[in-house]
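Number of protein chains: 2
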Amino acid sequence: MRSARSLSPDRPIVADKRQAILRAAIRIFAHNGYFSSKVADIAREAGVADGTVYLYFKSKEEILHSIFDRSMEEAIADGRQRMEKISDPRERLRTIAHMHLDRLGANRDLAVVFQVELRGSTKFMEEFSAAGFAEYLKLIRSTFEDGQSAGVFRAELNAKVVAKILFGALDEMATNWILSKRRYKLAPMADQVLDIFLNGVTAK
Amino acid sequence: MRSARSLSPDRPIVADKRQAILRAAIRIFAHNGYFSSKVADIAREAGVADGTVYLYFKSKEEILHSIFDRSMEEAIADGRQRMEKISDPRERLRTIAHMHLDRLGANRDLAVVFQVELRGSTKFMEEFSAAGFAEYLKLIRSTFEDGQSAGVFRAELNAKVVAKILFGALDEMATNWILSKRRYKLAPMADQVLDIFLNGVTAK
DNA sequence: GGACACTGAATGAACAGCCACTCAGTTCCG
DNA sequence: CGGAACTGAGTGGCTGTTCATTCAGTGTCC
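If you read the sequences in order, they're chains G and W.
Read left to right, the first sequence gives residues 0 to 203 (numbering that gives the first Met the number 0).
Read left to right, the second sequence gives residues 0 to 203 (numbering that gives the first Met the number 0).
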């Protein structure tokens, strides 16, 4: 190890602890719900003292925000990148849908936080909605509009509504998957949604 | 009025107070969120003392449950009744969708409770899901299956998934309507959803 | 090399505020 | 008068947040 840590001057192990706390919080929130989760539980799960949590986060609420921000940022960056290589609007929507369910399906705890905990108050909803969800809906919508311009999709449809429909359908798949006792793969549901959706919006 | 109340033997004004508390709770929950709502606030809004709330409800949580139970019961009874007069599966789904958004669109506070507050914890979600949502999904699903048998809808589609898609789309319309700053009518969105949905699932 | 001073990350006990729920007492009504 | 309905101040338990204290690691000076 030696003086390796002098490479990151001020905060040697910092990134790890922050990360550990976030990971712990996702698990705790998912299992107990945001409001029933105690900061002390998160600290224990992360292997740090209660006070340490407050060296990295201003409040319990900020932890929830950070979880959302990090994940959403990652997802959108990831998405934009994939979009660059695809030009067909139908394929683009297909990719978006798959990425959506892939991501949630890969981490059940995170999915619970996204599908349930983040929805639990208008206050949160408005904040989060303003931030990431809105942007995500816009991505779907503009992709759809491209398809309309290209004559692939029915021109008379309201793109904003169409975007909500696709999002809502995917969202319901995710929520149902979490609540279901049965264990099945989430990602493949995307194809069934797309089948109906694309069939419904494609210009003849 | 006089001795009219002796018609309901044991609890004269009971229904009124119970009703008042429920109504108050809907407003308070919608404005502050379930967890931030104080029982004292509900009591004040209902014009009763704190303790009175506990004469009618075992706990704060039971109030939330009652709101859900009453509304859902009413909605489903109402729905079944309307279904009797309609035989065409497409018309049935259209009616379900309209009733869904009509009901939520008619009472914003109740809509907030349903779309946001009831979704805020896996615990609630599981309980509620088990109860009413599941039954509602089943109603959609079996209506769709009738349509499949009749050759109206594509036979190769998984009815369970189709039901989730329709529900998810409607649900998203409602949630978006609540969160939106813009004021618009919710009910008409049903037609736009149905246009795409029916177009997507109809047998050619 | 080693003694000393310094730094700031980490700790966890203690605090302070909050609020669901209780219950002893009051009011109301027949 | 008696019982039922109602009241609302008080209580107990809980938990987010703070902060005095610790101490491993680092730099400085002789």
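Note that the Cβ used here is the ideal one computed from N, Cα and C, for glycine as well.
Check, Outcome
"Would you say residue 56 of chain W reaches chain G, if we count a Cβ-Cβ gap shorter than 8 Å as a contact?", "no"
"Quick one: what's got a C-beta closer than 7 Å to residue 200 of chain W's C-beta in the same chain, skipping five residues either side?", "152, 153, 156 and 161"
"If we require 4 or more residues per run, which alpha helix (DSSP H) segments fall completely within the stretch 114-166 of chain W?", "121-127 and 133-148"
"For the alpha helix (DSSP H) containing residue 35 of chain W, name the first residue and the last one.", "Note, residue 35 of chain W: premise wrong, no alpha helix (DSSP H); not H, not E."
"Are any of the Cβ atoms in chain G nearer than 8 Å to that of residue 191 of chain W?", "yes"
"Thinking just about the alpha-carbon of each residue, which of W:144, W:183 and W:171 is nearest to the one in residue 192 of chain W?", "W:171"
"If we call anything under 8 Å between Cβ atoms a contact, is residue 75 of chain W one with residue 25 of chain W?", "no"
"Looking at residue 175 of chain G: is its Cβ nearer than 8 Å to the Cβ of residue 163 of chain W?", "yes"
"Quick one, are the C-beta atoms of residue 44 of chain G and residue 27 of chain G less than 8 Å apart?", "yes"
"Determine, using beta carbons only, whether residue 118 of chain W comes closer than 8 Å to chain G.", "yes"
"Compile a chain-ordered list of the residues in the stretch 174-186 of chain W whose CB is closer than 7 Å to at least one CB of chain G.", "175 and 178"
"Checking 8 Å against the spacing of the C-beta atoms, do residue 55 of chain W and residue 84 of chain W come in under that value?", "no"
"Thinking C-alpha only, which one of G:68, G:88, G:202 and G:50 is nearest residue 146 of chain G?", "G:88"
"Between which two residues does the alpha helix (DSSP H) containing residue 51 of chain G stretch?", "49-55"
"Hey, residue 142 of chain W and residue 95 of chain W: beta-carbon distance below 8 Å or not?", "yes"
"Bridge partners of residue 201 of chain W, per DSSP?", "W:152"
"Measuring only the C-alpha atoms, how far is residue 187 of chain G from residue 48 of chain W?", "53 Å"
"So the candidates are G:18, G:196 and G:31; which of them puts its Cα closest to the Cα of residue 108 of chain G?", "G:31"
"Spatial neighbours of residue 34 of chain W within its chain, please: CB distance less than 8 Å, with the 5 preceding and 5 following residues excluded, ordered by chain position.", "119"
"On the three-state DSSP scale, how would you describe residue 59 of chain W?", "helix"
"Apply the 10 Å Cβ neighbour rule to residue 202 of chain W and answer buried if 16 or more other Cβ atoms are within range, or exposed otherwise.", "exposed"
"Cβ atoms of residue 104 of chain W and residue 169 of chain W: under 8 Å apart, would you say?", "no"
"Tell me the rounded alpha-carbon separation between residue 78 of chain W and residue 73 of chain G.", "43 Å"
"Run the CB neighbour count on residue 167 of chain W, radius 10 Å, all protein chains shown included, and call it buried at 16 or more, exposed below.", "buried"
"Would residue 97 of chain G pass as a contact of residue 189 of chain G if the rule is Cβ separation under 8 Å?", "yes"
"Do residue 38 of chain G and residue 57 of chain G have their C-beta atoms closer together than 8 Å?", "no"
"Thinking C-alpha only, which one of G:149, G:40, G:197 and G:177 is nearest residue 86 of chain G?", "G:149"
"At least one CB of chain W closer than 8 Å to the CB of residue 170 of chain G: is that the case?", "yes"
"Secondary structure at residue 187 of chain G, three-state DSSP: helix, strand or coil?", "coil"
"How should residue 179 of chain W be labelled, buried or exposed, when 16 other C-beta atoms within 10 angstroms of its C-beta is the threshold for buried?", "exposed"
"Could you tell me whether the Cβ of residue 98 of chain W comes closer than 8 Å to any Cβ of chain G?", "no"
"By a C-beta neighbour count over all protein chains shown, 10 Å radius and 16 as the cutoff for buried, is residue 116 of chain W buried or exposed?", "buried"
"At least one CB of chain G closer than 8 Å to the CB of residue 151 of chain W: is that the case?", "no"
"Buried or exposed: which applies to residue 183 of chain G, given that a residue is buried once 16 or more other Cβ atoms fall within 10 Å of its Cβ?", "exposed"
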